[in-house]
Amino acid sequence: MSGLVLPERLRDLEPVRSIRTPARLEYTYTAGQATSRFLRGIAQRKILGERCHVCGKVILPPRGACPVDGVPTHEQVELPDRGTITTFCVVNVKFSGSAMELPYVCATVVPDGSDMGLFGMVQEIPFDRIRIGMRVEAVWDDEPRPDLASIKWWRPTGEPDVQVDEGRGA
Amino acid sequence: MGKERVAVVGIGQTKHQATRGDVSIAGLVREAVVEALEDAQMTWADIDAVVLGKAPDFFEGVMMPELYLAEAIGAVGKPLLRVHTAGSVGGSTALVAASLIQARIHRRVLAVAFEKQSESEAMWALTLPIPFSPPLVAGAGGYFAPHVRAYMRRSGAPDHIGILVALKDRTNALKNPKAHLHEEGITFESVRDSIMLWDPIRYSETCPSSDGACAVVLTDEAGGDAADSPAWVLGGAMRSEPTMAPGRDEVNPRAGRECAADVYRQAGITDPRRDIDVAEVYVPFSWYEPMWLENLGFAEEGAGWKLVEEGATAMDGDIPWNPSGGVLSSNPIGASGLIRFAEAALQVRGRAGEHQIDGARVALGHAYGGGSQFFAMWVVGADKPTS
């Protein structure tokens with residue numbers, strides 16, 4: 003502002019350097035056919051993947067096509083609500099809009115028979131005892147809805163740990 | 437007729453810091469552009485076209501900022517392109533600018549990238565609610581921390597490797613007046629004892645939030661021949677891959693490996709650790725240094741952490757990585773990739789000041805973005821390519 007001459011009446015005022023302008027966005031979201039099939043399954047406590055007929059892999063959550071081969075998936079595969087932790091992190095950071103109590107564990111869980119995993123919380127165990135390779139099962143909401151939040155969290159089954167291919171196709 | 441040769445003849449950067457409250461977004465970007473034009477000994481009239489990159493518009497909430505910035509970056513009456521490839525955008529911006537010259541569409545192109553994180557909500561913008569899913573992934577750190585854990589387990593790397601990288605980059609930043617963080621007195625213990633944000637990633641192993649901009653002037657061969665110490669573009673490449681796919685290697689992504697192979701082939705590099713003198717690589721969380729050492733072929737798979745431990749990537753090592761202090765010391769997100777590309781060029785021009793690596797003739801600039809799914813790289817050299 004050096005060199006700029008202000009009118010007399012503005013000279014002693016605190017200059018405005020920034021203003022806050024909160025933004026709000028609301029969407030109408032169309033899930034699409036494949037996600038709708040998957041979410042209707044969730045509402046019945048079923049985890050439904052879809053198999054690619056080219057590579058034979060089970061896509062989860064299904065998107066109606068194989069992301070590798072680019073072909074439609076036609077075969078639905080019902081997966082157990084039991085699987086293995088392939089990796090995880092312990093979250094100690096609050097972020098806006100989250101009501102989560104800290105810390106919590108966010109893990110990738112690959113259900114048995116699936117080639118991809120779901121993100122979810124792991125509870126009913128101290129977070130410093132959670133391990134890659136740990137066996138877990140889903141804890142469902144009493145009234146499941148077509149929403150992945152219907153899996154409240156995953157808990158240890160007590161089975162022995164298994165070998166996993168860390169960080170591949172989680 | 438092959439591609440036109442491309443040279444970097446001008447580089448400008450702002451002083452990166454947490455809050456540049458003295459300037460608007462336009463003022464911030466212009467500061468970098470004016471410095472780049474002065475370095476190139478050019479005026480606004482000499483520029484044929486402008487390419488602008490930044491991370492998602494959601495961050496600052498300014499939609500299509502390239503329109504609002506057209507005057508500030510001297511683009512009025514000229515072609516103006518916007519590039520967006522998430523965190524890798526700064527690198528992609530330079531490569532799009534270079535391609536306009538390689539194709540002989542323009543002779544002199546300005547590439548510019550910025551982020552003003554003090555006016556932005558990046559954590560919120562990166563934690564958007566996914567319909568029908570619980571909001572669990574807390575920002576970029578929450579997304580990348582599980583990949584880091586998978587790397588640690590897969591490679592058997594000891595816990596202190598990430599601390600060593602953070603200590604190295606933050607110490608390097610003390611030699612770079614443009615860097616955001618200047619942590620005098622930083623120690624191994626101070627990094628180790630900082631809070632675990634997304635276990636296994638500590639606060640001091642995480643990039644800061646910065647305001648900053650970077651600008652680069654690129655010219656054709658004639659412009660490079662006439663310039664004082666140009667950096668010649670020896671190769672450039674981009675690759676992408678899906679965020680989620682069966683068998684996708686999130687620790688060592690295929691797109692990164694293939695992007696590196698492409699850029700090395702163009703530049704005639706067969707052994708990156710031997711053939712490259714210095715690298716500026718996008719390392720926003722400390723563990724990404726060993727992970728990218730492997731992804732970019734500087735080390736065998738599982739052995740990247742050994743290069744860190746033996747000091748190979750330090751300023752006085754055989755392959756210094758991030759002498760500028762890197763993303764761990766300055767992170768104006770949209771600009772961070774272009775800063776890597778620009779710092780690589782500064783090194784081969786011999787103009788990196790106190791963080792100059794003696795005798796640097798060939799340098800790698802690297803950027804990645806999204807869920808490790810966009811990659812952009814270039815190799816620049818002090819000598820004009822013969823082919």
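Just so you know, the sequences run in chain order A and Y. Each position in the first sequence, counted from 1, maps to that position plus 2 in the numbering used here. Each position in the second sequence, counted from 1, maps to that position plus 436 in the numbering used here. We put the beta carbon where it would ideally sit given N, CA and C, even for glycine.
{"Asked": "Per-residue burial, A/Ala172 [other beta carbons within 10 Å of its own, 16 or more giving buried]", "Found": "Low confidence applies to A/Ala172: its pLDDT is 48, below 50, so where it sits in the model is not reliable, and the reading given next is rough at best. Result: buried."}
{"Asked": "Backbone secondary structure at Y/Lys552 - three-state DSSP", "Found": "strand"}
{"Asked": "Length of the line joining the Cα atoms of A/Pro82 and Y/Thr623", "Found": "49 Å"}
{"Asked": "According to DSSP, residues forming a beta bridge with Y/Ser676", "Found": "Y/Phe810"}
{"Asked": "A/His76 burial status per 10 Å Cβ neighbour count (16 or more: buried)", "Found": "exposed"}
{"Asked": "Residue from Y/His596, Y/Ser772, Y/Ala522 with nearest C-alpha to Y/Pro492", "Found": "Y/Ala522"}
{"Asked": "Nearest residue (CA-CA) to Y/Ala576, options Y/Arg589, Y/Gly773, Y/Arg590, Y/Leu633", "Found": "Y/Leu633"}
{"Asked": "Inter-residue Cα distance where the pair is A/Val60 and Y/Arg540", "Found": "47 Å"}
{"Asked": "Alpha-carbon to alpha-carbon, A/Pro64 and A/Ala140", "Found": "19 Å"}
{"Asked": "Rounded distance between the beta-carbons of Y/Trp723 and Y/Gly526, thought under 8 Å", "Found": "No, Y/Gly526 and Y/Trp723 are not in contact; Cβ-Cβ is about 21 Å, not under 8 Å."}
{"Asked": "Separation of A/Arg42 from Y/Leu536, as counted between CA atoms", "Found": "49 Å"}
{"Asked": "For Y/Val756, the nearest candidate out of Y/Asn767, Y/Gly692, Y/Ser772, Y/Gly801 (CA to CA)", "Found": "Note that residue 756 of chain Y is Pro in the sequence shown here, rather than Val. Of the candidates Y/Asn767, Y/Gly692, Y/Ser772, Y/Gly801, the one whose C-alpha sits nearest the C-alpha of Y/Pro756 is Y/Gly801."}
{"Asked": "Which listed residue (Y/Trp741, Y/Val719, Y/Phe734, Y/Pro720) has its alpha carbon closest to that of Y/Asp707", "Found": "Y/Phe734"}
{"Asked": "Own chain residues within Cβ distance below 6 Å of A/Glu126, not counting five before or after", "Found": "Arg157"}
{"Asked": "Chain Y within 7 Å of A/Ile1, Cβ atoms only", "Found": "Since the displayed chain A opens at 3 and closes at 172, residue 1 of chain A lies outside it and no answer follows."}
{"Asked": "Pairwise C-alpha distance: Y/Glu746 and A/Gly34", "Found": "52 Å"}
{"Asked": "Three-way DSSP call (helix, strand, coil) for A/Gln35 in this model", "Found": "helix"}
{"Asked": "Nearest-angstrom Cβ-Cβ length linking A/Trp114 and Y/Pro682, presumed shorter than 8 Å", "Found": "One detail in the question is off: residue 114 of chain A reads as Asp in this sequence, not Trp. Rounded, the Cβ-Cβ distance is 15 Å, inconsistent with contact."}
{"Asked": "Contacting positions in the stretch 610-642 of chain Y - beta carbon closer than 8 Å to chain A", "Found": "Ile631, Met632, Leu633, Trp634, Asp635, Pro636, Ile637"}
{"Asked": "Length of the line joining the Cα atoms of A/Gly72 and Y/Gly806", "Found": "21 Å"}
{"Asked": "DSSP state of A/Thr159 mapped onto helix, strand, coil", "Found": "coil"}
{"Asked": "Chain A within 7 Å of Y/Leu572, Cβ atoms only", "Found": "yes"}
{"Asked": "Stretch-stretch touch, CB-based, cutoff 8 Å, three pairs: the stretch 676-695 of chain Y with the stretch 454-465 of chain Y", "Found": "no"}
{"Asked": "Minimum Cβ-Cβ distance from Y/Arg456 to chain A less than 7 Å", "Found": "no"}
{"Asked": "DSSP beta-bridge partners of A/Leu120", "Found": "A/Val111"}
{"Asked": "Three CB pairs or more closer than 8 Å across the stretch 137-154 of chain A and the stretch 612-630 of chain Y", "Found": "no"}
{"Asked": "Beta-carbon spacing of Y/Ala803, Y/Ser524 below 7 Å", "Found": "yes"}
{"Asked": "Contact set for A/Gly85: own chain, Cβ-Cβ below 6 Å, skip 5 residues either direction", "Found": "Val111, Val112, Pro113, Asp114"}
{"Asked": "Status (buried if at least 16 other CB within 10 Å, exposed otherwise) for Y/Pro720", "Found": "buried"}
{"Asked": "Interface partners of Y/Phe811 on chain A, CB under 9 Å", "Found": "Per Cβ cutoff of 9 Å: no residues; Y/Phe811 is ~17 Å from chain A at best."}
{"Asked": "Assigned secondary structure, Y/Thr450 (DSSP; H/G/I helix, E/B strand, else coil)", "Found": "coil"}
{"Asked": "Contacts of Y/Glu463 in chain A (Cβ-Cβ under 7 Å)", "Found": "What sits at residue 463 of chain Y in the sequence shown is Gly, not Glu. Chain A residues near Y/Gly463: none, gap ~12 Å exceeds 7 Å."}
{"Asked": "Helix, strand or coil at A/Lys48 [DSSP, three-state]", "Found": "coil"}
{"Asked": "Y/Tyr724 - DSSP class collapsed to helix/strand/coil", "Found": "helix"}
{"Asked": "Span of the alpha helix (DSSP H) around Y/Val525", "Found": "525-538"}
{"Asked": "Buried or exposed by the 16-neighbour rule on C-beta atoms within 10 Å, applied to Y/Gln449", "Found": "buried"}
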